[in-house]
Every structure is written in C-alpha cells, then in structure tokens.
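Report on the following structure.
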Amino acid sequence: MTMSAQYPRNSVLTRLAALAPLTASDERHINNAVAAGTVLPPRRDLIREGERITIARLLVDGWAFRTHLVQNGYRQIIGLVLPGELIGTCAHLNAVGVVTTTTLTEVVTCLVPMPDPTDEHSGLSQVYAMSVALEEAYLCRQITRLGRMSASERLADWLLEVHDRLLLAGNASHDEFELPLTQEMIADVLGLTSVHVNRTIQLLRKSGLVTLSARRVIILDRKEMERVVCYSPVKVVF
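When we follow the working numbering, the leftmost residue of the sequence shown carries the number 1000, and every step to the right adds one.
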C-alpha cells in the first residue's frame, strides 16, 4: 500500500489544480497520465547526479528525496519530492542532474502530461512554471533553515512546510500527516545528528507544539509553531 492510500483523491490533479486554473482537456490529460503510471520500489534512483535528465515525471503517490554526497561520504538530503510534485521538468530535459533523486517509499510516477496545442486556455504550462517557482522557494527556505535557525526552529519550520505541501495535494488533515523518514534521515535534512533530532523532537513535544511517533506527525498548536519560527507559508498566486 502506498503512503497516501488513505487519501483516495488524485494527488496530481488536486495539486496542479491548486497552482493554476485547468481546463477540462487539461484534467483529461492529467487523469490519462496518472492512469498509465508506473509503480516503483523504495530506494530506486529516478535521477542520478551527473547523468542527463531524459524524462520529465510527476510523483503520483509515495515519497522521494533529493540527495548530494560529499567527498567525505556524508549525505545531505537537499529536499523531498511529495505527491503531485515534479521529478525533473521539460525545461530540464537533457540537462545534467545536479542531485540524485531516489524513491523513499514505494511510489507511483507518471510522465508529465503536455498541453493540448488546440486548447488555447490550457493551464498546464503555467502549472509547471508555478511548480518550478515553488521548488525554488522551498530550496531558499532550506538554505535559511540550515544557515540561520536553531535546531528546534529548523525542525518546526520544516514540519510546517511539509504539512503545507501535503495539504496542497490533499494528502494531510488539518493537523496530522504521515512522515516516513527515520530520525537519521531527518538529521540529514536538517544538518543535525540523530541524537540532536531526538532531543529536539522531545523538546517540541514538551512545549506542546507537536508529537512525532510511529512516523506520524500530529501538530498540537500550529499557531504557536508559526510564531516561534516566524513561519510564513509559500504563497500560490495565479
């Protein structure tokens, strides 16, 4: 069973429709692409660092992550790819991958549906442009987290971002979501040690902000979490 089995809606359609208005033709192309999706196991590389990107895909279900290995063998998780998000774009085709994108869970991927040339009002091109802009915004937020936030601020800010991204695709409730990452992986995301992550999780729990257990996050006081880290969600405007 894939991660979003409890959320039966089409995550791709839900997310893309939130980014720009879609026509009936757009929705048909999206649904056809999703129906032809491919199931892949965990730990499968979708894009490899240093290799050319030859296929633009969307993540229909499951989780993936982008990583970079440094010479001393340490791994930095650059970011996550969540349901409904792009894995490479048409603009990146034939470009050389600067990070490796790997499946974290079992996933379903599909080819990126292209706009119908006869549909003058297609919103797909705008959707993909918005997706790239959001990806850049998430990367900027990650740089800020690593460079200017304390451990507790990093974790709280990151959990809020993941929650918002899952909500955009209909894959979370207003205060709860699945998080299929080990504490070691969270440490790689946040530039911390596993021990530090564990202590920080306990600190946020004792502060009445959030609980994280059995790979499930429950946000107890979102407003206070936002206040603590001066969090402002990435805006989707069209």
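Every residue, glycine too, gets a C-beta built ideally from N, C-alpha and C.
Give me the residue from 1045, 1191, 1033, 1079 with the minimum Cα distance to residue 1164. 1079
Closest to residue 1098 by C-alpha separation, out of 1060, 1112, 1045, 1149, would be which residue? 1045
Grouping DSSP H, G and I as helix and E and B as strand, with all else coil, what is residue 1115? coil
Give the C-beta separation of residue 1219 and residue 1209 to the nearest angstrom, bearing in mind that I take them to be a contact with Cβ-Cβ under 8 Å. 6 Å
What residue ranges within the segment 1015-1082 form continuous alpha helix (DSSP H) runs of no fewer than 4 residues, ordered along the chain? 1023-1034
Under 7 Å between C-beta atoms of residue 1060 and residue 1107: yes
Out of 1050, 1034, 1200, 1162, which has the shortest C-alpha to C-alpha gap to residue 1176? Of the candidates 1050, 1034, 1200, 1162, 1162 places its Cα closest to the Cα of residue 1176.
Out of 1123, 1221, 1104, which one is the CA nearest neighbour of residue 1156? 1221
Does the segment 1051-1068 come close enough to the segment 1133-1141 that 3 or more CB-CB pairs lie under 8 Å? no
Going straight from the alpha carbon of residue 1214 to that of residue 1145, what length do you get? Roughly 23 Å between the two C-alpha positions.
Checking 7 Å against the spacing of the C-beta atoms, do residue 1122 and residue 1058 come in under that value? no
Where do the N-terminal and C-terminal ends of the alpha helix (DSSP H) with residue 1193 fall, by residue? 1193-1205
For residue 1167, which residues in the same chain have their Cβ closer than 6 Å to its Cβ, ignoring the five residues on either side in sequence? 1014, 1017
Considering only residues of the same chain and omitting the five flanking positions on each side of residue 1111, which have a CB-CB separation below 8 Å? 1032, 1055, 1056, 1057, 1085, 1088, 1089, 1127
Which same chain residues end up closer than 6 Å to residue 1152 when comparing Cβ atoms and leaving out the 5 residues on each side of it in sequence? 1228, listed in sequence order.
Please tell me whether residue 1154 and residue 1192 are closer than 7 Å, where the distance is taken between their beta carbons. no
Where residue 1143 falls: helix, strand or coil (DSSP): helix
Does DSSP classify residue 1007 as helix, strand or coil? Only weak support is given to the placement of residue 1007: the predicted model assigns it a pLDDT of 43, under 50, and the value that follows is read from those uncertain coordinates. If DSSP states are grouped into helix, strand and coil, residue 1007 belongs with coil.
Tell me the DSSP secondary structure of residue 1190 in three-state form. Coil.
CB residue 1187 to CB residue 1077, shorter than 7 Å? no
Skipping 5 residues on each side, what residues in its chain have a beta carbon closer than 6 Å to that of residue 1202? 1151
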